[in-house]
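If you're matching them up, the sequences are chains A and B in order. Just so you know, the numbering used here puts 204 at position 204 of the first sequence, and the rest follows in order with no gaps. Just so you know, the numbering used here puts 407 at position 407 of the second sequence, and the rest follows in order with no gaps. Every residue, glycine too, gets a C-beta built ideally from N, C-alpha and C. What follows is a set of notes on a single structure, which appears directly below.
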Amino acid sequence: MKRLVLLVVLAASAFGCSSDEPVILTLIAHDSFADAVTEETFAAFTSETGVVVEVLAAGDAGAMVNQAILTKDNPLADVLFGVDDTFLQRAVDAQIFDGEVTAIDYGDVCINYDREAFTTNPPPETLDDLTPIADQLVVEDPSLSSPGLAFLLATIDRYGPEWQKYWAELRQNGVLVAPGWSEAYYGEFSGGAGEGDRPLVVSYASSPPAEVIFADPPVEEPPTAVMTDGCYRQTEFAGVLGGTDHPDESRQLIEFMLSVPFQETIPLTWFVYPINEEAALPPEFVENTAVPTDPVRMDPATIDENREQWLEEWSEIFG
Amino acid sequence: MAGRVVRNLRIALLWGAPLLFIGYLFVYPLTRILAESLNGEGFAQLVDRERFRNAAWFTLWQAVVSTVLTLIASLPLTWALSRFNFRGKQLARALVTIPFVLPTVVVGASFLDLLPPGVLAILAAHVFYNVAVVVRTVGGVWSRIDPRVEDAAATLGASPVRVFRTVTLPLLRPALASAAAIVFLFCFASFGTVLILGGGRIRTIEVEIYQQAVTFLNLPVAGALAVLQLVFVVTALLLANRLQRRIGVDLAAEVTLPPPGPRHRIPVAGAVIITLGLLAVPLVSLVSSSISRRGWSGLAGNASSALSPGQAIGNSLLYAAMATVIATGVGLAAARIIERRGGGWLDTALMLPLGVSAVTIGFGFLLALDRPFDLRGSFILVPLAHALVATPFVVRAALPLLRSIRPELREAARVLGASPSRVWKEIDLPIIARALAVGAGLATVVSLGEFGATSFVARPASATVPTLIFRLLGRPGTASFGTAMALAVILAAMTAVLVLVIDRLRGNEAGTF
């Protein structure tokens, strides 16, 4: 009898061994986040909690959200990161999250200009200044590109019902529409590594610091700068996906992403700004770019309600 | 008894491999995503809205025109490379495949230096990308047409044009139809080229599907567009199949090609130099900007990315090897079924993935591939998806030659007591060995250049060279740009070297039978 008890205890402890195996959390994120993750990124989290984090790359933010919605019944991951205000409402409506989402970082989409092109003439300062020199501007197609959509939202917020008139003027004066950021920045823009001849482009407030950090040969000052008016602020959120087996560890991971040490790695890893105000900015971000004055933000529900119609109206202007 | 078991096993494998492959990786995911998305509303919107009608019309006509132009532009080079022997021929055959792997985002700028953005630039790029398909698929057959057949016609007084029109062209027809079908599907599903070179306003069905599925999550419309795409693609394939019927004249097992004679020297040199020269224009500017932008020094130190160029090159080679092995095995089995049992439907089914949107398949994978094993997010999906796109190339390369085998040849072998497997081994296999190598070469190239498969979930560490190029071009900085250009040059060089090696293997094999 005693032997049997011993056996049962042994068996139970052997079975229980599986709880000593580390919990593995899967984090699904858009490509630009996932690509920059290294072994260091979540090392502190793993040594603190024993939980291992595996990252899945899921295309751009829109593709990621749609994939999460399609796989809601058998989720691909425990935590989703990188849904921004333009897609948040759709994700929330589809009820893919368990609980609330948490803002982790933000980035400003702003007009960048080639500093060399504006040595005699001053660079544009406001959205209004862009219309007469639209033939020097390249934007991204808002129906295909996230910064393109952000810029369109900035103009819609600024001009209200007149926004179509603004864009009609841009078009009339020769604005160029590129399908995506790479084509606009490298193909048409003249600043930095750009091979084009247009000195104005829709990009990010963090692009000038990136021009310094990813420069070869090294440069002291960025070749580009930011127009601080008419910027759009994209906030990125993380949330626990419904159906996870590890809700507590998932929340711990989001807590970790909000902690000051993690938040301070955000600027130089992903080129966006930490949401936690206690996190210090690296000198490259302080010296090489300007902080937008009063960036536009829009309610996710408003965006979701109007996106299709706005994009339709936008393409009619360019049709 | 044991012999029967072995034979049954072989038959099961022969049928099972292609059926399981296309069923599990294409038909089932496609069915799942269409079942999830289709409803009447989607089709109603499709009919209603002018933008979809315009996109459908443009997609169709540009694909037809691109295909015709590609065939015309490729024929002189195909002729030169498959009718004559000369020094540097192998190199030319390898170089011609390079455009196939180059991402449009990398070579787009050189097109726009020469042509204004718009339809013309799109058509030129489609020709640029697809010359290799024609040169290699049609060349495989052309090089095996017995010159004596043509000589006979010439002796009987036919002019060279008449010989080509009445003798050569009918013999080439199945191969031409085969190549045309592949080129058509590629152009039909064109995405990046249309966006980058179209000047912003031109849309294909493929672009609309991406936009409806990803930007709007309007699955009903995306699904309806996917069905429309399928209808076009199936119709085109059925038309092409009619042109591919068995030809009545034997292809030679081995033709010893002459060097170009005095009459042919200038046309051959012209075809090779002009075609390769035109194909090289974007490549030369790529090499020069990789140097002027100091991309080669950037390759070594790429600290802030999780993935090093070395890793991406390793991944690309590994996936290309896996995809080539899978595609060759499945393609060979399928070609045999199609040839023996008239499985035209299988041929069509295997071709479909070329003409169906990557978004549709990617979303389908997510819904379908979680059982029995959860393959979603597994690295194995990348080579499997590559193989899905590469298999039709193997089939297409093998089929025209398989069809050219006279049944009497096999019957004779059988009468002499050879078992079916022996007939296959002794008669069929040697004849298609070369074509198989051509197919395997193209499969490798398809895998190296494939990018659409990355539109669904993947481990970041499983990225390939094209993916890394896109990532680098997704962030600012002179170093990012230079490194991307250098990687594109490496991708081009890898492609040429691998194709040369595969062609060389084939050369040795040819000597053994």
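- Task: Within the same chain, show all residues whose beta-carbon is closer than 6 angstroms to that of Glu221(A), passing over the 5 residues directly before and after it, in chain order.
- Result: none
- Message: Quick check on the DSSP output: what are the complete beta strand (DSSP E) runs of length 3 or more inside the segment 173-254 of chain A, in order along the chain?
- Response: 176-178, 200-204, 224-226 and 232-240
- Whether Pro149(B) touches Thr78(B) by CB criterion (8 angstroms): Residue identity differs from the one stated: residue 149(B) is Val in this sequence, not Pro. No. Outside cutoff.
- List, in order along the chain, the chain D residues whose C-beta lies closer than 8 angstroms to that of Thr46(A)? Considering every chain present, this structure includes no chain D. Its protein chains are A and B.
- Message: Check this for me: beta carbons of Val260(A) and Glu278(A), under 8 angstroms apart or not?
- Response: yes
- Task: Pull up the DSSP beta-bridge partners for Val389(B), would you.
- Result: According to DSSP, which records beta bridges pairwise, Val389(B) is partnered with nothing at all.
- Query: Taking the alpha-carbon positions, what's the Ala303(B) to Leu268(A) distance?
  - Reply: Low confidence applies to Ala303(B): its pLDDT is 48, below 50, so where it sits in the model is not reliable, and the reading given next is rough at best. Taking the straight line from one Cα to the other gives about 12 angstroms.
- Task: Please say whether Ala121(B) and Phe111(B) have beta carbons closer to each other than 8 angstroms?
- Result: yes
- Query: What is the DSSP secondary structure of Phe451(B), reduced to helix, strand or coil?
  - Reply: coil
- Item | Closer than 8 angstroms to chain A by CB, Gln311(B) | no
- Task: Starting from the Cα of Leu171(B), find the closest Cα among Ala368(B), Gly477(B), Ser159(B) and Pro147(B) and give me that residue.
- Result: Pro147(B)
- Would you mind stating whether Gly187(A) and Ala109(B) have Cβ atoms separated by less than 8 angstroms? yes
- Checking contacts by CB at 8 angstroms: is Thr302(A) closer than that to chain B? no
- What are the uninterrupted segments assigned as alpha helix (DSSP H) that are 4 or more residues long and contained completely in the segment 18-51 of chain A, given in chain order? 31-34 and 43-49
- Query: How would you list, in chain order, the residues of chain B whose beta-carbon sits under 9 angstroms from the beta-carbon of Arg90(A)?
  - Reply: Leu217
- Task: Tell me, please, whether the CB atom of Pro353(B) is closer than 8 angstroms to any CB atom in chain A?
- Result: no
- Query: Listing by chain order, which chain A residues have their CB less than 7 angstroms from the CB of Pro518(B)?
  - Reply: The question about residue 518(B) has no answer here: the residues shown for chain B are numbered 1 through 513.
- Task: Could you list which residues in chain A have their beta carbon closer than 7 angstroms to that of Asp370(B), in chain order?
- Result: Asn74
- For Cys110(A), write down the residues that DSSP places opposite it in a beta bridge. Ser203(A)
- Message: Counting only C-beta atoms, is Ala390(B) closer than 8 angstroms to chain A at any point?
- Response: no
- Item | Secondary structure, beta strand (DSSP E): runs of 3+ residues fully inside the segment 361-420 of chain B | none
- Host beta strand (DSSP E) of Glu140(A) (start-end): Leu137 to Glu140
- Hey, is the segment 319-333 of chain B in contact with the segment 374-392 of chain B, meaning 3+ C-beta pairs nearer than 8 angstroms? yes
- Task: Assess, as a yes-or-no matter, whether the segment 288-307 of chain A is touched by the segment 387-402 of chain B under the definition of 3 or more beta carbon pairs within less than 8 angstroms.
- Result: no
- Message: Among the candidates Val202(A), Ala63(A) and His246(A), whose CA atom is the shortest distance from the CA of Asn112(A)?
- Response: Val202(A)
- Query: If you draw a straight line from the alpha carbon of Pro75(A) to that of Val37(A), how long is it in whole angstroms?
  - Reply: 21 angstroms
- Task: Output yes if chain B places a C-beta closer than 8 angstroms to the C-beta of Val136(A); else output no.
- Result: Val is not the amino acid found at residue 136(A); the sequence shown has Gln there. Not one chain B Cβ lies under 8 angstroms of Gln136(A).
- Task: Look up Thr102(A) in the DSSP assignment and give the residues it is bridged to.
- Result: Ala238(A)
- Query: Is the distance from the Cβ of Gly439(B) to the Cβ of Thr328(B) below 8 angstroms?
  - Reply: yes
- Task: Could you say which of Glu313(A), Leu311(A) and Gly242(A) lies nearest to Asp98(A) if we only look at CA atoms?
- Result: Gly242(A)
- Task: Return helix, strand or coil for Gly108(B), following the three-state DSSP convention.
- Result: helix
- Item | Closer than 8 angstroms to chain B by CB, Ile156(A) | no
- Query: Got a sec, what are the start and stop residues for the alpha helix (DSSP H) Gly331(B) sits in?
  - Reply: Pro309 to Arg341
- Task: At 4 residues or longer, and completely inside the segment 164-189 of chain B: list those alpha helix (DSSP H) runs for me, N to C.
- Result: 169-188
- Message: For chain B, check one thing: does any of its Cβ atoms lie closer than 8 angstroms to the Cβ of Tyr185(A)?
- Response: yes
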